[in-house]
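Residue numbers (this note's numbering), protein chains in the order written: chain C, 126 to 498; chain W, 117 to 491.
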Amino acid sequence: MILSALIKKEAKEILRDPITLGTAIFLPLVMLFLFGYAISLDVEDITMAVYDQDRTQESRRLIEVFSASGYFIPRYYLDSTKEIDEIMDRGKAAIAIVIPPDFSRDINSFKKTSLQIIVDGSFSATAMIVSSYAAAIVNSYSMDLMERYLEQRGVQQRHLVGVVPRVWYNPPMKSVNYIVPGLFAVLLMAFPPMLTALAIVREKERGTIEQVYVSPISPPVFILGKTIPYGIIAFGEMLLILATGTLWFQIPFKGSLLLLISASLIYVLTTVGIGLFVSTITRTQLGAMLLSLIVTLMPSFLFSGFLFPIATMPYMMQLYTYFFPARYFNDISRDLFLKGVGLEYLWGNILFLVIYAAALFTLASMRFKKKVA
Amino acid sequence: MERLIAAIKKEFLQFKRDRMLIILILWTYTIEVVMCTMALSFEVKNLHMAVYDMDRSQWSQRLVEKFTATEYFTKAIYISSLKEMDSLLDSGKVDMGLFIPLDFSTAVQKGETGDVQIILSGTNSNTANTVRGYATAIIEGFSREATKEFLMKKGMAGEFPEVEPRIRVWYNPELKFRYFMIISMIVLAGIMVGMIHPAATMVREKETGTIEQIMLTPLRSHEIIIAKLLPTITIAELSLIPSLLIATVGFGLPIKGSIPLFFFASTIFLFTSMGMGVFVSTLSRNLQQALLISFFILFPVLFLSGTMVPIESMPSAMQYLSLLSPVRYYMEIVLGIFLKGVGLKVLWPKLLIIFTFGAVIFPLSLLRLKRGMYK
Numbered sequence: 126m127i128l129s130a131l132i133k134k135e136a137k138e139i140l141r142d143p144i145t146l147g148t149a150i151f152l153p154l155v156m157l158f159l160f161g162y163a164i165s166l167d168v169e170d171i172t173m174a175v176y177d178q179d180r181t182q183e184s185r186r187l188i189e190v191f192s193a194s195g196y197f198i199p200r201y202y203l204d205s206t207k208e209i210d211e212i213m214d215r216g217k218a219a220i221a222i223v224i225p226p227d228f229s230r231d232i233n234s235f236k237k238t239s240l241q242i243i244v245d246g247s248f249s250a251t252a253m254i255v256s257s258y259a260a261a262i263v264n265s266y267s268m269d270l271m272e273r274y275l276e277q278r279g280v281q282q283r284h285l286v287g288v289v290p291r292v293w294y295n296p297p298m299k300s301v302n303y304i305v306p307g308l309f310a311v312l313l314m315a316f317p318p319m320l321t322a323l324a325i326v327r328e329k330e331r332g333t334i335e336q337v338y339v340s341p342i343s344p345p346v347f348i349l350g351k352t353i354p355y356g357i358i359a360f361g362e363m364l365l366i367l368a369t370g371t372l373w374f375q376i377p378f379k380g381s382l383l384l385l386i387s388a389s390l391i392y393v394l395t396t397v398g399i400g401l402f403v404s405t406i407t408r409t410q411l412g413a414m415l416l417s418l419i420v421t422l423m424p425s426f427l428f429s430g431f432l433f434p435i436a437t438m439p440y441m442m443q444l445y446t447y448f449f450p451a452r453y454f455n456d457i458s459r460d461l462f463l464k465g466v467g468l469e470y471l472w473g474n475i476l477f478l479v480i481y482a483a484a485l486f487t488l489a490s491m492r493f494k495k496k497v498a
Numbered sequence: 117m118e119r120l121i122a123a124i125k126k127e128f129l130q131f132k133r134d135r136m137l138i139i140l141i142l143w144t145y146t147i148e149v150v151m152c153t154m155a156l157s158f159e160v161k162n163l164h165m166a167v168y169d170m171d172r173s174q175w176s177q178r179l180v181e182k183f184t185a186t187e188y189f190t191k192a193i194y195i196s197s198l199k200e201m202d203s204l205l206d207s208g209k210v211d212m213g214l215f216i217p218l219d220f221s222t223a224v225q226k227g228e229t230g231d232v233q234i235i236l237s238g239t240n241s242n243t244a245n246t247v248r249g250y251a252t253a254i255i256e257g258f259s260r261e262a263t264k265e266f267l268m269k270k271g272m273a274g275e276f277p278e279v280e281p282r283i284r285v286w287y288n289p290e291l292k293f294r295y296f297m298i299i300s301m302i303v304l305a306g307i308m309v310g311m312i313h314p315a316a317t318m319v320r321e322k323e324t325g326t327i328e329q330i331m332l333t334p335l336r337s338h339e340i341i342i343a344k345l346l347p348t349i350t351i352a353e354l355s356l357i358p359s360l361l362i363a364t365v366g367f368g369l370p371i372k373g374s375i376p377l378f379f380f381a382s383t384i385f386l387f388t389s390m391g392m393g394v395f396v397s398t399l400s401r402n403l404q405q406a407l408l409i410s411f412f413i414l415f416p417v418l419f420l421s422g423t424m425v426p427i428e429s430m431p432s433a434m435q436y437l438s439l440l441s442p443v444r445y446y447m448e449i450v451l452g453i454f455l456k457g458v459g460l461k462v463l464w465p466k467l468l469i470i471f472t473f474g475a476v477i478f479p480l481s482l483l484r485l486k487r488g489m490y491k
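Right under this line is the structure:
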């Protein structure tokens with residue numbers, strides 16, 4: 126009875142602030158679209174500069190092979206090495222190739238020649254992909270040369286080793302299929318805890334919390350009254366992302382929907398639990414805000430395996446990731462979406478979340494009681 | 117002038133009292149920079165592969181050695197069934213599987229094409245893409261070698277036409293992801309502190325009602341803003357020093373360009389970020405709104421800036437949108453100064469763009485602030 130009154134009061138306060146409510150609902154959507162479209166390391170349409178010192182049919186053919194690959198767009202044709210400096214310094218092209226003056230002469234006299242490839246290494250992850258693509262293109266061009274040469278001599282010879290790539294779990298290798306399931310873990314962690322923490326700390330700052338202390342409301346009821354409305358918002362957020370992800374981005378969903386929804390309910394409890402905990406150790410809204418950023422948004426975004434793989438982190442940092450529930454939920458969500466595994470694989474992670482949530486709530490209501498006494 | 121100095125004194129006093137904020141700003145510029153630079157990487161190195169070799173011949177062994185000879189693949193685990201491959205890939209213990217079928221060497225010796233399979237887990241499509249690139253290049257190189265050997269054996273000795281790719285990496289020859297990450301973290305700290313701190317302090321004054329008292333003083337609105345922003349820019353500039361030390365001494369980031377230029381560019385960038393912060397504060401009534409609106413602006417501005425993933429990887433619509441993010445230009449400037457060693461001659465257009473953003477947003481927020489006063 127008291128609980129429903131508290132929830133009503135909290136709901137009223139939320140509804141009175143349309144900016145907050147609007148942000149809580151729309152920001153996750155904005156992020157979904159940003160991540161769905163903008164966050165990918167897929168390397169396509171790389172702008173290329175060409176310094177062709179040979180200017181023959183053969184050299185044009187090589188450039189053609191680059192542009193036909195679909196990965197490179199030759200955009201700048203240069204006349205000096207100085208121009209390469211210019212173009213690369215200004216970041217106008219990510220790769221430049223230099224075709225030596227005796228390129229076609231060497232090829233026609235069956236000699237070995239070389240091609241200089243200059244790659245901008247500023248973003249090393251892409252630079253590695255770009256250089257391996259470029260090497261692969263030159264290799265296959267070289268292979269063609271050999272085949273042509275043999276054909277001229279009446280020998281039929283195909284390449285000896287072929288590759289068949291097989292991709293399991295996410296065959297189209299679309300980044301979005303991998304990003305969106307991970308995004309649940311981030312978004313549910315980003316706002317619900319902060320809003321919960323602020324809702325309580327605000328009462329502290331304004332002094333209205335004293336009224337709660339003197340009222341017959343018991344700590345667990347007060348806590349529930351504060352968290353249930355934000356839990357509902359969080360849950361709504363999650364349904365919205367789920368619907369947009371599957372309908373708009375057409376992410377395949379292989380696992381059990383019921384399992385995902387129950388796991389996210391538990392996860393939502395841990396997230397608002399963190400907000401609750403933050404509220405018990407901070408006194409000002411600004412402090413609560415900054416602390417929740419450090420314990421929620423940052424780790425869920427950077428240290429959950431959402432974007433940056435955990436396996437490449439140093440050992441100490443890998444241990445650090447175990448402290449935050451986002452890592453566990455990220456695994457659950459990705460496994461359910463991409464692999465379709467069941468409870469028999471996921472129970473460990475789910476159990477951890479349950480314990481985490483229970484611990485947070487007990488801790489928070491204990492700290493609360495102490496204050497009342 | 118005197119009243120401006122008094123106002124500035126007041127702001128510094130207030131700032132000094134807020135220890136939590138000072139600690140957090142320093143934290144953003146130092147500990148966070150260290151943690152992220154150490155931990156976060158898109159580098160795909162030290163890969164483990166599972167090898168299911170049904171052929172067990174000299175040829176298949178040579179192929180596996182080609183993989184382990186590179187700096188990318190450090191460990192090959194031999195297995196004897198596809199089921200094992202599944203569990204290894206599934207648990208992430210290996211990044212790639214190599215399947216060599218039974219008749220591989222027979223085909224190669226006959227001069228026919230023997231196909232091998234590489235098996236990747238697409239759950240992290242970025243890694244899978246990179247690994248596929250490496251593996252394909254390695255196998256293609258091996259194929260060339262094998263073909264050449266085969267032809268030599270058949271008596272077709274001599275030279276073949278051949279093009280060798282000679283790859284040189286500029287600006288970051290060792291391809292260290294850390295260099296990028298640390299620059300990116302310094303840039304991010306700049307926008308976060310530069311935008312959120314002014315927004316928060318302005319709104320707090322609104323919330324506590326003290327803004328009315330300030331409005332009653334003879335201070336003009338631009339004087340209020342100058343006084344409010346001086347502590348932010350001071351701490352943000354000072355914090356750059358420890359983070360620069362961390363970057364250069366701690367992580368070996370080379371400084372090829374000019375440090376004064378870096379500070380000059382940072383000042384202009386902070387000016388623009390603070391303009392955005394003040395603008396946010398005129399839109400919001402309380403701290404919570406200020407923070408949420410900041411996020412609404414920060415997320416697109418950050419993720420379209422090339423600080424997380426390169427802009428070239430985005431679809432072209434997003435690339436055009438990224439032109440609207442001032443962080444994009446600052447990132448390019450800082451990368452240019454540190455890694456490329458370019459100077460004002462190359463960077464001035466970007467600086468001008470950042471300054472223009474600030475020059476537009478500041479008067480706009482000043483206007484809104486004034487209007488708020490007379491309401």
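For glycine and all other residues, C-beta sits at the position ideal for the given N, C-alpha and C.
- Annotated as proximal: W/G306 and W/F385, with beta-carbon spacing under 8 Å.
- As DSSP reads the structure, C/W293 sits in a beta bridge with W/S237.
- Shown here for W/M151: not one same chain residue has a beta carbon closer than 7 Å to its own, the five before and five after excluded.
- Between C/W293 and the set C/V263, C/P344 and C/L463, the nearest pair of CA atoms involves C/L463.
- Secondary structure at C/V466: coil, using DSSP grouped into helix, strand and coil.
- Under the Cβ criterion (8 Å, minimum of three pairs), the segment 237–257 of chain W counts as touching the segment 180–193 of chain W.
- Between W/G368 and W/Q405, the alpha-carbon positions lie close to 40 Å from each other.
- Across the segment 228–257 of chain C, CB contacts with chain W closer than 7 Å involve I232, F235, K236, K237, T238, S239, L240, Q241, I242, I243, V244, D245, G246, S247, F248, S249, A250, T251, A252, M253, I254, S256 and S257, in sequence order along the chain.
- In the DSSP annotation of this structure, the continuous segment of the beta strand (DSSP E) that includes W/G213 starts and ends at M212 to I216.
- Just so you know, the alpha carbons of W/M154 and C/A261 end up roughly 31 Å apart.
- In the DSSP assignment, C/S239 forms a beta bridge with W/E280.
- Distance from the Cα of C/L349 is smallest, within the candidate group C/Q336, C/G400, C/P434 and C/P450, for C/G400.
- Beta-bridge pairing by DSSP links W/D231 to C/G287.
- The distance from the Cβ of C/D177 to that of C/Y202 is about 7 Å, consistent with a contact at the 8 Å cut-off.
- Nearest CB-CB separation between C/T371 and chain W: not below the 8 Å threshold.
- Note that the C-beta distance between C/S249 and W/F296 is below 8 Å.
- The Cβ-Cβ distance between C/Y162 and W/S241 does not fall below 8 Å.
- For W/T222, no Cβ of chain C is located within less than 8 Å of the residue's own Cβ.
- Contact annotation for W/Q130 against chain C: no contact, minimum CB-CB distance about 12 Å [criterion: below 8 Å].
- Here the segment 206–217 of chain W lies against the segment 167–180 of chain W, with 3 or more beta-carbon pairs under 8 Å apart.
- The residues L131, E135, T321, A324, I325 and L401, in chain order, have a CB closer than 8 Å to that of C/K351 in the same chain once the five nearest residues on each side in sequence are set aside.
- In the displayed model, C/F493 falls within a helix according to three-state DSSP.
- At a cut-off of 8 Å between C-beta atoms, W/L205 counts as an interface residue with respect to chain C.
- For W/L414, the closest alpha carbon among the candidates W/M430, W/N402, W/E428 and W/F395 is that of W/F395.
- DSSP places W/T190 inside the beta strand (DSSP E), whose first and last residues are F189 to Y194.
- For the options C/K379, C/P153 and C/T251, the alpha carbon positioned closest to that of C/I366 is the one of C/P153.
- With at least 16 other beta carbons inside 10 angstroms of its own, C/F191 counts as buried.
- Here W/S207 is exposed: its Cβ has fewer than 16 other Cβ atoms, across all protein chains shown, within 10 Å.
- DSSP places W/V167 in the uninterrupted beta strand (DSSP E) bounded by L163 to D169.
- One thing to note: C/R459 has its Cβ within 8 Å of the Cβ of C/P306.
- In this structure, W/Y287 and W/L408 do not form a Cβ contact; the two beta carbons are roughly 38 Å apart against a cut-off of 8 Å.
- Counting along the chain, the unbroken beta strand (DSSP E) around C/D177 starts and ends at I171 to D177.
- In the three-state DSSP reduction, C/I386 falls in the helix class (H, G or I).
- For C/A250, the three-state secondary structure derived from DSSP is helix.
- For C/M173, there are no neighbours in chain W by C-beta distance under 9 Å, as the nearest C-beta there is about 11 Å away.
- At the C-beta level, W/E278 and C/L157 stay beyond 8 Å of one another.
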